[in-house]
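Chains as they are written, first to last, in my numbering: chain E, 1 to 200; chain C, 1 to 63. Report on one structure; see the data block that follows.
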Amino acid sequence: MSEPNERLDDTAFKQELAGLIPHLRAFARSLCGDATLADDLAQDAMLKAWHARESFQAGTNMKAWAFTILRNIFYSEKRRSWRRSSLDPEVAEATLVSPANPGDGLDLLALRNALNLLPDDQREALILVGAGGLAYEEAAEVCGCAVGTIKSRVSRARKAVMELLDNNEIGFSGDSGIRASEAFDDIMGQAAAISSAHES
Amino acid sequence: MDDKKTGGRKVADTERKRRGDRLGEQLRRLYDDVTHENVPDDFLRLLEEADRSHSPDSHNKSS
């Protein structure tokens, strides 16, 4: 009954792929940091996905499928080295601080910096699951590893990022105009950290 | 003493959850900052070109 490889027609495929472009760009940005290089990567992935459309099985998650292609290009073509250029803090700041809410920029910059300190495998797992909205199973497929591996990477990444943000005061709680409730939260956060340290 | 300890743990759990939620929210913000950008024209142009160069009704490659 079911075709072994049910295909979308080209028009439907193209439409769905075009809808995924923003996600390809976001995932690429998380891998290589620099926006221009990330767009090059996302374009390559989009075209490669288009040419590989016959291997896409209708009814499966095209986002996970396209992310797999993008990630393979990234790792196979040694574009990992691009990442180094992304660590320039001024560039990171310029791309992050949105004019609409400048205060949030600091929080996001701190988060971006913390993410940059994670091992590659943990960072991508956290992005795919925590931001990209992939299920653990889908993220495992993208990264070519077991579901349990993805789960443990995500959990280690979350823990590490939270610790980095705790220890690194660069703006996660905002420096100016700190509200009393926030100050209270910070104190409670420290208390929680101390008490959990005692527990273990 | 015991009361105090469980109370403290509850606060710690709530705090941990609050921070976890906040992290999730900020991760999505970081990602959505990009997904909400306008897609550069290049992308759709390249996709259209790829589609056209591979004309759907020509099964033979001698175009």
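Using N, Cα and C, we set each Cβ at its ideal position, and we do this for glycine too.
Here's the rule I'm using: 16 or more other beta-carbon atoms within 10 Å means buried, otherwise exposed. How should E:Y75 be labelled? That one is exposed.
Residue-chain proximity (E:P22, chain C), Cβ-Cβ < 8 Å: It does: the Cβ of E:P22 has a partner Cβ on chain C nearer than 8 Å.
With a CB to CB cut of under 6 Å and the five nearest residues on each side skipped, what residues in its chain are close to E:I73? Taken in chain order, the residues that qualify are D44, A45.
Own chain, CB closer than 7 Å to E:E137, minus 5 neighbours either side, in chain order: Closer than 7 Å at the Cβ level, and outside the excluded window around E:E137, lie V147.
If we call anything under 8 Å between Cβ atoms a contact, is E:R158 one with C:L23? A contact, by the Cβ cut-off of 8 Å.
Return no unless some Cβ of chain E is closer than 8 Å to the Cβ of C:D42. Yes - at least one Cβ of chain E is within 8 Å of the one on C:D42.
Would you be able to state if there are at least three C-beta pairs under 8 Å between the segment 12-23 of chain E and the segment 46-66 of chain E? When Cβ pairs closer than 8 Å are counted between the two stretches, the segment 46-66 of chain E is seen to touch the segment 12-23 of chain E, the count reaching three or more.
Separation of C:R9 from C:T35, as counted between CA atoms: One C-alpha to the other measures close to 39 Å.
If we ignore side chains and look at the alpha-carbon of each, how far apart do E:L24 and E:L106 end up? Across the structure, E:L24 and E:L106 are spaced so that their CA atoms are roughly 25 Å apart.
Any idea what DSSP makes of E:N232, helix, strand or coil? Here chain E comprises residues numbered 1 to 200, so residue 232 of chain E is not present and cannot be evaluated.
Close Cβ partners of E:R29 (< 7 Å) along its chain, the five nearest in sequence each way excluded: Excluding positions up to five away in sequence, the list reads A35, A38.
Please confirm whether E:R179 has its beta-carbon closer than 8 Å to some beta-carbon of chain C. In this prediction, E:R179 has a pLDDT of 44, which is less than 50 and means its spatial position is unreliable; nothing more can be read from the coordinates.
Which residue marks the beginning of the alpha helix (DSSP H) containing E:D9, and which one marks its end? E:D9 -> no alpha helix (DSSP H), and no H or E assigned at all.
Exposure label - C:R45; buried when at least 16 CB within 10 Å: Classification of C:R45: exposed, given that the 10 Å Cβ count is below 16.
CA-CA distance, E:E77 and C:A12? Computed Cα separation, rounded: 45 Å.
What three-state label does DSSP hand E:D34 in the structure shown? In the structure shown, E:D34 adopts coil according to DSSP, grouped into three states.
If you run the structure through DSSP and keep just helix, strand and coil, what is E:S173? Only weak support exists for where E:S173 lies, its pLDDT of 45 falling under 50; the value from the coordinates is given anyway. The answer is coil: DSSP assigns E:S173 none of H, G, I, E or B.
Compare the beta carbon distance of E:V161 and E:L108 with 8 Å and say whether it is the shorter of the two. The Cβ atoms of E:V161 and E:L108 lie no closer than 8 Å to each other.
For C:G7, which residues in the same chain have their Cβ closer than 8 Å to its Cβ, ignoring the five residues on either side in sequence? The answer is none, since no qualifying residue turns up.
Please name the residues in the segment 15-38 of chain C whose beta-carbon is closer than 8 Å to at least one beta-carbon of chain E, in chain order. Listed by position, the residues of the segment 15-38 of chain C near chain E (Cβ gap below 8 Å) are E15, R16, R18, R19, G20, L23, G24, Q26, L27, R28, R29, L30, Y31, D32, D33, V34, T35, H36, E37.
List the residues of chain C whose Cβ lies closer than 8 Å to the Cβ of E:R29, in chain order. Result: V34.
Can the beta-carbon of C:L27 be found closer than 8 Å to that of E:A140? One thing to note: C:L27 has its Cβ no nearer than 8 Å to the Cβ of E:A140.
Taking E:S55 as the reference, give the member of E:E6, E:F67, E:D120, E:E16 with the closest Cα. Residue E:E6 is the option with its Cα nearest to E:S55.
Buried or exposed for E:R123, going by 16 or more other Cβ atoms inside 10 Å? The Cβ neighbour count for E:R123, taken over all protein chains shown within 10 Å, is at least 16; the residue is labelled buried.
I need the boundaries of the alpha helix (DSSP H) containing E:I150, first residue and last residue. E:I150 -> alpha helix (DSSP H) spans 147-167.
Taking the CB atoms as reference points, tell me whether E:A110 and E:L165 lie closer together than 8 Å. In contact: E:A110 and E:L165 (Cβ atoms closer than 8 Å).
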